[in-house]
Every structure is written in C-alpha cells, then in structure tokens.
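Take a look at the structure below.
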Amino acid sequence: MSTPFWAPPPERHPGELPDKADVLIIGGGIAGTSLLWHLARRRIDAVLVEQHHLAWGASGRNAGFLLAGVASSYSEAIQRYGREKARQVWEITSENHDRMVEAARGMDIGHRRLGSSILPAGDEERDRLIESEQLLRDDGFEVRWDGSRLLNPRDGELDPSKMVAALALQAKGQAIREGVRVTAVVPRRRSVLVRAGEAECDAGVVILATNAYTPQLVPSVKIQPTRAQMVATAPETTVVAPVPVYSNFGYRYWRQLATGEVLLGGWRDTSFETENTYDDEPTAEIQSQLDRALDDLRVNARVTHRWAGTMGFTETGLPLSGAVEGMPNVYLCAGFTGHGMAFAFMTAKQVAEAV
Ligand SMILES: Cc1cc2nc3c(=O)[nH]c(=O)nc-3n(C[C@H](O)[C@H](O)[C@H](O)COP(=O)(O)OP(=O)(O)OC[C@H]3O[C@@H](n4cnc5c(N)ncnc54)[C@H](O)[C@@H]3O)c2cc1C
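Residues in the sequence shown are numbered from 1046 upward in steps of one, following the numbering used here.
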C-alpha cells in the first residue's frame, strides 16, 4: 500500500462543481494552488476543483527538494536547450524557491535552506558536474565543486504538503472544492463546458493543473505518467545527510529531516519498463533497491513509510504552460518532469498573467 510520509493538509474543502466560473482550475496540487494564489493577487475570481483532496497527487508524495535547474547537469542542459535557455531555467527555478517560500511567510512549511549536494555516481557524471561548476559560475550562479560533489548553497527543502496547505489557506471561502472529478472539458464559442458526472459548469477559462493526469482529460497533450517511489524511516540517531543529496542524474535522492527521519527515493532507472504507469503502488523490486540504499548509508532506523507517486514527464523535460492548441480558452500548467516543487509557482505566475 502507498503510505506517503507527509500528512495531507488538515483543512477539508468539500464542494461541488460550480454552475459558472470566470476561471476554473482543475487539480489541487502545487500547480493548482499556486494558480489560485496568483489569480487572487490579480483580482481574478477562480474556483479550484480537485477529485480527491489537496496534495493527493505528486505534490503530497514528493521528496520536498527545492533544487535549481532540471534533473540533468547544467552542462547537459546547455547542450539540450542552448546556453541562454539553460540559464533562464536555472534562474526561474531559483526565483521559484524564493517567491514560493515568501508566499507562505509566517506559516510552518518545514522550509530549510541548507543547500544541496549533487554527488556523481560515476566518472561521466563527475566530469559533467566539474564542467557545470565553471559554466554556472560564469553565468552568475553560486556553486562550488569540493572535489567530490557539487554544492549549491541556495537550494533547500520543505514539507510539500504543508506548502500546498499554506497557499490554500490564503484562498477565499468556496474557492476550493474537493471531491469533484472532472470528466470532460469541451470548448464552446465563448466559454468552456466542464462536466463532472452529471454536473456542468460554464467556465470562461479552464486551466489544467492535472500534471500526469492531463492526457486522461485531453489526450492530445503529451505528458507521460511516470512513477517514482520513496521510503521514510523513523528518526535515525546519526547524521547521514547533513544536506539534501541528489545523485546519478537525479535517479537517486535522499535527505534527513531536522528530527532525524531519512527520506530516500528514486532508483527508477533500475526498472524503466515498469515505471511508466498511473499505478501509484510501490513495487517490491524498487523498494528492495531503496532498502539496500538505506543499508549502504548505514541507516539503522526502521522503515515507517513506503509510497509511490505519479510524475508527469514532457518530451523537452520542461513544463507545458499556456494555451492548449485547438482548445480556445483552455490553458495548461503541467508536465513538471519530476521538478514541480522547483517550477510550479513561477509557471503558475506565467499562466495567470496569460489568462
Ligand atoms: C516520489 C516523488 C518525488 C519527487 N520529488 C520531488 C522533489 O524533491 N522536488 C520537486 O521539485 N519535485 C519532486 N517531484 C515532482 C513533484 O512532486 C511534481 O512535479 C509536482 O508535485 C507536480 O505538481 P502538480 O500540482 O502539477 O501535480 P499533482 O500534485 O499531481 O496534482 C494534480 C492534481 O490533479 C488532480 N486531478 C487529476 N485529474 C483530475 C480530474 N479529472 N478532476 C479533478 N482533479 C483531477 C489530482 O487528483 C491531483 O491532486 C517528485 C515526485 C514524486 C512522485
């Protein structure tokens, strides 16, 4: 059974699909709640509907790393996107960190800016990271190669479920409606018809904040559901990870909370063929890899939680934001490719501006 470590936001928002909405956001993860926050600041009335509860999806099941950039190193990102675009990606994710945390000021979101450590798993990754250090510094980013790992002192971590809750707490009454599963989105001449079973809503604009689940509503959107698995332990008395660690091109990651619990995840690369799925149950195969990794880190505390979540991967590795082709008044804010905590707040800002 999937038992995420993070507690769901405690406040419940039971509700129904409204008959009418200026803007209807579908999906109550970090993308949806960030959209609600940005639209409210622009005095745009929006309603958010979520099929289960807030942070039910990947947003309540992730590792809570706030890293600058994408999974690949800066040097690979430059090869893939070009220097200027790679620089923008690092800049926007750094800004995402600052602005998102600022939006939750005064609330407990478990945020710590301890920095991060990117640990190469082999020679190829090591060379990439050494090259990335220079490229990042040339482009004005504060990083340091210490001889064995790349350190970014501005990275951080948080409790992702509390982050979603902090944004939701700032929403107007009735703006969030849980337990509403949208079954169809049909653009009309001047509005969009949204169905949730028998109920119908006439929406001026619809924003899909449904990440991996987007193709279930709009099959033309190219987002690949991709499972990621994690474990968490009881408090460990020794320090095994003073800062969050990311390794093997993002396929392995672990961190330790201030209270000692170790959270470790990834190892999807050992079983690619089984992980392109909507099934969010942990598997024996990957869980045993995670157990071995805990042993390698000399973690003695017992495992208390095992879970999986569904990420939404795009072909470019970058989020999809803006109008959906061929669907007037329907927008996307999705496809965060395993880095939604690092991207979604700023992507939502861009989409709110476009709306
Ligand atoms: C194990 C794991 C570890 C990760 N670690 C990190 C990390 O450390 N740092 C990081 O930046 N990212 C990480 N990620 C990725 C990150 O969690 C996601 O990119 C991010 O949460 C996506 O947020 P979202 O709001 O777009 O999607 P989600 O949180 O998945 O939210 C989408 C919501 O839409 C709802 N929905 C879908 N269809 C419908 C419908 N038809 N009607 C109504 N509601 C619907 C779903 O119920 C869901 O709640 C990780 C992901 C996983 C699974």
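Ideal Cβ placement from N, Cα and C applies to all residues, glycine included.
All values reported here derive from a predicted model rather than from experimental measurement.
Can residue i be considered in contact with ligand 1, in the sense that its beta carbon sits closer than 7 Å to one or more heavy atoms?
i, result
"H1142", "no"
"M1356", "yes"
"Y1258", "yes"
"S1161", "no"
"M1046", "no"
"L1262", "yes"
"S1104", "yes"
"V1396", "no"
"A1216", "no"
"Q1332", "no"
Just tell me which of the options has its CA closest to the CA of residue i.
i, options, result
"L1080", "A1286, R1272, N1293, L1212", "L1212"
"R1240", "D1064, A1216, D1172", "D1064"
"C1246", "I1070, H1058, E1056", "I1070"
"W1299", "R1057, A1397, D1341, R1233", "D1341"
"L1164", "A1248, G1073, R1297, S1236", "R1297"
"V1094", "R1087, R1086, A1108, H1058", "H1058"
"G1151", "S1162, N1141, L1214", "L1214"
"H1098", "V1284, E1330, V1225, A1277", "V1225"
"E1061", "L1181, W1312, A1389, A1220", "A1220"
"E1136", "A1399, A1387, G1311", "A1387"
"L1262", "A1103, Q1334, V1375", "V1375"
"R1235", "G1072, G1249, A1244", "G1249"
"V1092", "W1082, A1100, W1101", "W1082"
"R1343", "T1304, T1283, W1352, A1389", "T1283"
Let me confirm a value: residue i is counted as buried when at least 16 other C-beta atoms fall within 10 Å, else exposed. Which label applies?
i, result
"P1373", "exposed"
"Y1258", "buried"
"P1205", "buried"
"T1349", "exposed"
"G1074", "buried"
"N1321", "exposed"
"F1186", "buried"
"M1208", "buried"
Just checking my contact of residue i with residue j at CB under 8 Å: how many whole Å lie between their CB atoms?
i, j, result
"D1392", "S1366", "Residue identity check: residue 1392 is Thr in the sequence provided, not Asp. That belief holds up - the Cβ atoms of T1392 and S1366 are roughly 5 Å apart, short of 8 Å."
"A1368", "G1077", "At roughly 18 Å, the Cβ-Cβ gap does not stay under 8 Å, so A1368 and G1077 are not in contact."
"V1307", "A1286", "7 Å"
"L1203", "S1161", "Actually they do not touch by this definition, with Cβ atoms about 13 Å apart."
Measuring only the C-alpha atoms, how far is residue i from residue j?
i, j, result
"I1175", "V1290", "17 Å"
"P1364", "F1358", "8 Å"
"N1345", "E1281", "7 Å"
"F1050", "G1354", "12 Å"
"V1134", "N1141", "10 Å"
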